[in-house]
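Note that the UniProt record's numbering gives residue 181 to position 181 of the sequence shown, counting from 1, and the numbers run on in steps of one. Okay, structure first, notes after.
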Amino acid sequence: MWSTFIVTLKTNLRDKSALFWLIVFPIALATMFNGVFGNLDQAMSITPVSVAVVKDTNWTNAIGADTLITALSGKNSDSAKTQEGTGSNAMDIDPGVTLLDTTKVDSTSQARELLSQGKADGYLKADGDGRIALTLSDDAVTEANNGTQEAGLDISLSALDNVLDQYNRTSANVKSVLKDNPTAPATRTFWNGINASMSATKEVTLTNFKPSVMARYYYALMGMACLVAMSYMIHTVTTAQANLSALGIRRTVAPLGRAKQLVAGFLAGWLCSCACLLVALAYIRYVCGIEVGGREPAAVLAVIVASFMTCAFGTMIGAIPKLTTGVKQGMSTAIACSLSLFSGLYGGFAMELSDLISRKAPLLAAINPAQQVTNLFYSLMYYDSYQPFVRTCAILLTMSAVFLAAGVIMLRRQRYEHL
Numbered sequence: 001m002w003s004t005f006i007v008t009l010k011t012n013l014r015d016k017s018a019l020f021w022l023i024v025f026p027i028a029l030a031t032m033f034n035g036v037f038g039n040l041d042q043a044m045s046i047t048p049v050s051v052a053v054v055k056d057t058n059w060t061n062a063i064g065a066d067t068l069i070t071a072l073s074g075k076n077s078d079s080a081k082t083q084e085g086t087g088s089n090a091m092d093i094d095p096g097v098t099l100l101d102t103t104k105v106d107s108t109s110q111a112r113e114l115l116s117q118g119k120a121d122g123y124l125k126a127d128g129d130g131r132i133a134l135t136l137s138d139d140a141v142t143e144a145n146n147g148t149q150e151a152g153l154d155i156s157l158s159a160l161d162n163v164l165d166q167y168n169r170t171s172a173n174v175k176s177v178l179k180d181n182p183t184a185p186a187t188r189t190f191w192n193g194i195n196a197s198m199s200a201t202k203e204v205t206l207t208n209f210k211p212s213v214m215a216r217y218y219y220a221l222m223g224m225a226c227l228v229a230m231s232y233m234i235h236t237v238t239t240a241q242a243n244l245s246a247l248g249i250r251r252t253v254a255p256l257g258r259a260k261q262l263v264a265g266f267l268a269g270w271l272c273s274c275a276c277l278l279v280a281l282a283y284i285r286y287v288c289g290i291e292v293g294g295r296e297p298a299a300v301l302a303v304i305v306a307s308f309m310t311c312a313f314g315t316m317i318g319a320i321p322k323l324t325t326g327v328k329q330g331m332s333t334a335i336a337c338s339l340s341l342f343s344g345l346y347g348g349f350a351m352e353l354s355d356l357i358s359r360k361a362p363l364l365a366a367i368n369p370a371q372q373v374t375n376l377f378y379s380l381m382y383y384d385s386y387q388p389f390v391r392t393c394a395i396l397l398t399m400s401a402v403f404l405a406a407g408v409i410m411l412r413r414q415r416y417e418h419l
């Protein structure tokens, strides 16, 4: 049995076609995903906007302007600390977000010079009433409208415009109230009202970490690569059938029983598929940068469970009687490509179809092996608890038991009149 395991293992490792589909193809497709969609996360995130700040008399007289710009630059000035908790009209800025990359200038002409030299995307200037205005260069407007160069510039400018508008409105309200009632700042009700009037959108995290936007495509690719690994067990089972090859005849009359031959072949196929899929997973994780929330050991376990399922599936297909090896290999490829459509591999339409099936027909999603392999990684990314991961593992192991039972039944019923 050990000799059969070693020989089968060597045979699998020499199968160039299987190695291509299990290692080269996932890596090539993941590289394409990374090249085409690699900047999608950055395009949807806030990046610092390079601006010049005109520090003239109007700016000095604008109350809270320096505090606001310091906060937007990701810094914390002494004035900001003093105003914190006192109900000032400074914006409630997350110190982890850097929205501005500022350069101080003394006049508008110097700011425009920086814009003409391409050293700044725009400049900030205060008017006589203390309102802050943002002026953008033509290049920055073009880039924001077309999204051609600086990823996320349009998102950053939209956020900056919202913050400046809120600052100007709040400042105007404070001045209006002070004009009518100079003693209003002495009451806490005044500052509570100012803070309540500020509208802000805060980012919250519903998952254990912030997953990549493109993660679904990469792990749908893992689902397809996993099903392609059926080829190992199809080859193992068909070479043990006397009516399909001369090798099958010799193995049928060999002293080692068929059950031990198939167990040795199953273990060899399981080991090879695990190794190939782990290479693909490592490439996706460490080269493409698709994280699983620090749950890499669980991701390795996911590969082991998925490989066991695909070997069981391959055993069932390989045991189908009266079909040649080529037909069975073609069936496995067709099944892998077809089921991957419903797991969302082929673009936005496929993702929408996968989500629709999961909502409207969850039973169909549950019996789709490609979808369940993909769900293994989803459950690691999108859930704090391991319960969804364990449940998906249980579904795949149940599938494996059904596939193995069907394969064993078909193999036990095969008899030959002569060899």
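No residue lacks a Cβ here, since even glycine has one placed at the ideal position from N, Cα and C.
Using a Cβ distance threshold of 8 angstroms, residue 123 and residue 24 do not count as a contacting pair. In this structure, the alpha-carbon of residue 350 lies about 7 angstroms from that of residue 343. In the assembly as shown, residue 121 is a buried residue. Its beta-carbon has 16 or more other beta-carbons within 10 Å. Going by DSSP, residue 179 is part of the alpha helix (DSSP H) stretching over 153-180.
A Cβ-Cβ separation of about 5 angstroms places residue 269 in contact with residue 311 under the 8 angstroms criterion.
The beta carbon of residue 368 lies closer than 7 angstroms to those of 339, 342 and 343 in the same chain, with the five residues before and after it left out. With contacts defined as CB atoms closer than 8 angstroms, residue 284 and residue 218 qualify as a contacting pair.
Annotation: the segment 254-318 contains the following complete segments of the alpha helix (DSSP H) (minimum length 4 residues), in chain order: 258-282 and 296-318.
In terms of Cα proximity to residue 119, the closest of 128, 133, 106 and 101 is 101. Selection 366, 29 and 159 evaluated against residue 134 yields 159 as nearest (Cα-Cα). Segment contact: the segment 229-241 against the segment 316-329, three or more CB-CB distances shorter than 8 angstroms; contact assigned. The Cβ atoms of residue 265 and residue 373 do not sit closer than 8 angstroms to each other.
The alpha-carbon separation between residue 275 and residue 365 amounts to approximately 27 angstroms. Judged by DSSP in its simplified three-state form, residue 123 adopts strand. If you look at residue 100, you'll find it in the beta strand (DSSP E) that goes 100-105.
Membership of residue 135 in the beta strand (DSSP E) is indicated by the continuous run 132-136.
For residue 3, the three-state secondary structure derived from DSSP is helix. When secondary structure is reduced to three states using DSSP, residue 385 falls in the coil class, being assigned neither helix nor strand. Following the DSSP letters along the chain, one finds residue 50 inside the beta strand (DSSP E) bounded by residues 49-54.
Residue state for residue 361 is assigned as coil, using DSSP reduced to three classes.
Taking all protein chains shown into account, residue 178 has fewer than 16 neighbouring C-beta atoms within 10 Å of its C-beta and is therefore exposed. In this structure, 57 is the residue among 57, 136, 137 and 138 with its C-alpha nearest to the C-alpha of residue 130. From the listed residues 297, 99 and 34, the smallest Cα separation to residue 164 is found for 99. In this structure, the alpha-carbon of residue 47 lies about 16 angstroms from that of residue 136. Each residue's CA atom was taken as its position, placing residue 359 and residue 405 some 30 angstroms apart. A Cβ-Cβ distance of about 4 angstroms is found for the pair residue 315 and residue 407, placing them in contact under the 8 angstroms criterion. Taken through DSSP and simplified to helix, strand or coil, residue 322 comes out as coil.
Between residue 132 and residue 140 a beta carbon distance of about 17 angstroms is seen, past the 8 angstroms cut, so the two are scored as non-contacting.
Of the other Cβ atoms in all chains shown, 16 or more fall within 10 Å of the Cβ of residue 377; this residue is therefore buried.
A direct Cα-to-Cα measurement between residue 62 and residue 50 gives close to 21 angstroms.
By the 16-neighbour rule on beta-carbons within 10 angstroms, residue 398 is exposed.
In the displayed model, residue 117 falls within coil according to three-state DSSP, outside both helix and strand.
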